[in-house]
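Peer 1: Numbering (this note's numbering), first residue to last: 1450 to 2004.
(1) Give me, in chain order, the residues of the same chain whose beta-carbon lies closer than 7 Å to that of residue 1866; leave out the 5 immediate sequence neighbours on both sides.
(2) Around the C-beta of residue 1493, are 16 or more other C-beta atoms found within 10 angstroms, so that it is buried, or is it exposed?
(3) Can you say whether residue 1600 is buried or exposed, counting buried as having 16 or more other CB atoms within 10 angstroms of its CB?
(4) Are the CB atoms of residue 1655 and residue 1722 within a distance shorter than 7 Å?
(5) Quick one: using the 10 Å Cβ neighbour count with 16 as the cut-off for buried, is residue 1454 buried or exposed?
(6) Would residue 1675 and residue 1755 qualify as a contact pair, given that the criterion is a beta-carbon distance under 7 Å?
(7) Let me check understanding here. Comparing Cα to Cα, which of 1566, 1525 and 1531 lies closest to residue 1549?
(8) Under 8 Å: do the region 1685 to 1703 and the region 1851 to 1871 share three or more Cβ pairs, one atom per stretch?
(9) So who's on the other strand from residue 1745, going by DSSP bridges?
(10) Going straight from the alpha carbon of residue 1715 to that of residue 1512, what length do you get?
(11) Within the region 1892 to 1945, note down every full beta strand (DSSP E) run reaching 3 residues or more, in order along the chain.
(12) Taking the alpha carbon of residue 1460 as the point to measure from, which residue in 1812, 1650, 1631 and 1819 has its own alpha carbon closest?
(13) Where does the unbroken beta strand (DSSP E) through residue 2078 begin, and where does it stop?
(14) Give me the Cα-Cα distance between residue 1745 and residue 1763, rounded to the nearest whole angstrom.
(15) Out of 1908, 1984 and 1507, which has the shortest C-alpha to C-alpha gap to residue 1817?
(16) Could you name the residues of the same chain whose beta carbon sits closer than 6 Å to that of residue 1558, not counting the 5 residues immediately before and after it, in chain order?
(17) Does the region 1809 to 1824 come close enough to the region 1770 to 1788 to have 3 or more Cβ pairs within less than 8 Å?
(18) So what does DSSP say about residue 1998, is it helix, strand or coil?
(19) Which stretch, first to last residue, makes up the beta strand (DSSP E) that contains residue 1662?
(20) What are the start and end residues of the alpha helix (DSSP H) that includes residue 1572?
(21) Where does residue 1830 sit, in a helix, a strand or coil, going by DSSP?
(22) Taking 7 Å as the cut-off, decide whether the C-beta atoms of residue 1604 and residue 1551 are in contact.
(23) Short check: CB of residue 1893 to CB of residue 1644, under 7 Å?
(24) Hey, quick one: how far does the beta strand (DSSP E) through residue 1739 stretch, first residue to last?
(25) Do residue 1847 and residue 1625 have their beta-carbon atoms positioned less than 7 Å apart in this structure?
(26) Between the Cα of residue 1687 and the Cα atoms of 1980, 1479 and 1659, which residue gives the shortest distance?
(27) Based on DSSP bridge pairs, tell me the residues matched to residue 1949.
(28) Between which two residues does the alpha helix (DSSP H) containing residue 1712 stretch?
(29) Please confirm whether residue 1480 and residue 1507 have their CB atoms less than 7 Å apart.
(30) Please go through the same chain and pick out, in chain order, the residues whose beta-carbon is closer than 6 Å to the beta-carbon of residue 1835, but skip the five residues on each side of it.
(31) Please state the DSSP three-state secondary structure of residue 1754.
(32) Below 8 Å on the Cβ atoms is my guess for residue 1561 versus residue 1861; work out the distance and round it to an integer in Å.
(33) Report the option in 1900, 1928 and 1839 whose CA atom is closest to the CA atom of residue 1988.
(34) How would you write the range of the alpha helix (DSSP H) that residue 1795 sits in, first residue to last?
(35) What residue ranges within the region 1520 to 1591 form continuous alpha helix (DSSP H) runs of no fewer than 4 residues, ordered along the chain?
(36) In the structure shown, what three-state DSSP assignment does residue 1513 receive?
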């Protein structure tokens, strides 16, 4: 913290940095440009307090900020020039929005007196503010240097309260350069939404009567850091916890009550009460995750819309996930319920019997997991082993498994993993890619090499957009525009001075990952693979299964 709250004459750029430091920011992902010169110079003047991490493309800045935020628990901050810089960063901003990620976008602007005049200024685009508003929960623009600290402070107030989603501030170059008497504001504190006592009483009464309650947790629960509270609540109720992709790791997968979404298919039909915590509770075609007139529902969310149609009506607890779980635990009877471990163990075995049949993905997932420490980080991608990992990769620690959520952003993975690696230098990061998605950000090998990240970059190489190819073949009986012209990955790694390994088997990948981890530095690993079987019927219940699924182990 600065601790200096007396008025000072500062440029807008200096005021920006002073307030960022007060809010606890230590890292900014950005690419400099003329509209940001006075902000970048202010960052340069604080080399021991704030780090400016420059990738090779603006798209990487927002992805890196997202990966940083979701794996460190701190806000991710990125800075881009206006116009094309903002547009390049929007995919990462949209992903952060979809994943309830605490990301601050600092955007340049054209000169403040010319905004909206349509004179064709450098990097001017129509209604940049409107574009940013559409992908953030809050937006502000500075008109004077005196405005800057309050805007930055309000950005962090928004990031640390309510629904954790990205925010944005716009800073015109004349405002960054001008001087004004400004005052740094005290750091914004976290202000979680507390539940109303009457809704907790209602929900606790429902749960106290439940014979087989089930808890589903989503990205909102993960963003709240609700793992300990959810685990305690689940153990009191002896309720299985079904984790969506965005909540993997909230409970250690080895916990006897922990299930993936696949396991949810077995327990939901038997649940007399379902508690949906920090999740939208709908599937990929906007149908409720489960719907039954015989089931009662408790929805815990900071967004009241998460309890509305098409979901079955139920009790809404409008609250932060951690606060609600703690309040429910306190309100429930302290009686010891009969253990559900044997019952949930059968569901775990049922799930494993189906995932184990998917090869070679199962063996690749096991090879990756066995090379990693419990709290090492896996950043998945939209690739065959990545899709499969959402239900089959064992996750043992919170903030250690990252997906693009419902945004499904192809090519997000490598850049996002770079942000995770910069924020967690003591944890090994494994970036899982297909050759299709990796091609969208491979220039960031320069960033990986320059910064010597503690990171393994795995690229599964089959020369195609594999999932597109499969869908086209199934739907039309032929394929079109799915072949890739790949680089020689060994030469690519060499060009950036990076270690490289090429393997063609799960055991080969395991050994390469172990060697890479021992090196404590970056490596690129290319894995030669052929077409893989589809795991989609196990990922989404609305996808027809090519085989008859085994009977529900609970009857």
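For each residue, glycine too, the CB sits at the ideal point set by N, CA and C.
Quick caveat: nothing in here was measured; it's all calculated off a predicted structure.
Peer 2: The answer reads as follows:
(1) The answer, listed in chain order, is 1516, 1828, 1878, 1880 and 1904.
(2) Residue 1493 comes out exposed.
(3) Buried, because 16 or more other Cβ atoms sit within 10 Å of the Cβ of residue 1600.
(4) It is a contact, given that the beta carbons lie within the stated cut-off.
(5) The residue is exposed, with fewer than 16 neighbouring Cβ atoms inside 10 Å.
(6) Judged by beta-carbon spacing, residue 1755 lies beyond the 7 Å limit of residue 1675, meaning their Cβ atoms are not closer than that value.
(7) That would be 1525, whose Cα lies nearest to the Cα of residue 1549.
(8) By the Cβ criterion, the region 1685 to 1703 is in contact with the region 1851 to 1871, since at least three pairs of Cβ atoms, one from each stretch, lie closer than 8 Å.
(9) As a beta-bridge residue in DSSP terms, residue 1745 pairs with 1722.
(10) C-alpha of residue 1715 to C-alpha of residue 1512: approximately 35 Å in a straight line.
(11) Listed in chain order, the beta strand (DSSP E) elements of length 3 or more contained wholly in the region 1892 to 1945 are 1904 to 1910.
(12) 1631 is the residue among 1812, 1650, 1631 and 1819 whose C-alpha sits nearest the C-alpha of residue 1460.
(13) The first residue shown for the chain is 1450 and the last is 2004, placing residue 2078 beyond what the model contains.
(14) Those two C-alpha atoms are separated by around 7 Å.
(15) Across the set 1908, 1984 and 1507, the C-alpha of 1908 shows the shortest separation from the C-alpha of residue 1817.
(16) Beyond the five residues adjoining it in sequence on each side, residue 1558 comes within less than 6 Å, by CB distance, of 1531, 1619 and 1621 in the same chain, given in chain order.
(17) In short, these stretches do not touch, since the Cβ pair count stays below three.
(18) Three-state DSSP puts residue 1998 in coil, outside helix and strand.
(19) Counting along the chain, the beta strand (DSSP E) containing residue 1662 begins and ends at 1662 to 1666.
(20) For residue 1572, no alpha helix (DSSP H) run applies, since DSSP gives it neither H nor E.
(21) Coil, per DSSP.
(22) Contact annotation: residue 1604 and residue 1551 have beta-carbon atoms that are not nearer than 7 Å.
(23) Going by C-beta atoms, residue 1893 is not nearer than 7 Å to residue 1644.
(24) Residue 1739: not part of any beta strand (DSSP E); DSSP gives it neither H nor E.
(25) By the CB criterion at 7 Å, residue 1625 and residue 1847 fall outside the cutoff.
(26) Answer by Cα proximity: 1659.
(27) BP columns for residue 1949 point to 1973.
(28) Segment 1710 to 1716, the alpha helix (DSSP H) holding residue 1712.
(29) If you check the CB distance, residue 1480 and residue 1507 come in under 7 Å.
(30) Excluding sequence neighbours, residue 1835 sits near 1829 and 1881.
(31) Of the three classes helix, strand and coil, the one that applies to residue 1754 here is helix, per DSSP.
(32) Between residue 1861 and residue 1561 the Cβ distance is about 33 Å, and since that is not below 8 Å, they are no contact.
(33) With distances taken between Cα atoms, residue 1988 lies closest to 1839.
(34) It spans 1790 to 1804 - the alpha helix (DSSP H) in which residue 1795 sits, taken as one unbroken run.
(35) The qualifying runs are 1533 to 1547 and 1577 to 1582.
(36) Assignment of residue 1513 by DSSP, reduced to helix, strand and coil, places it in the helix class.
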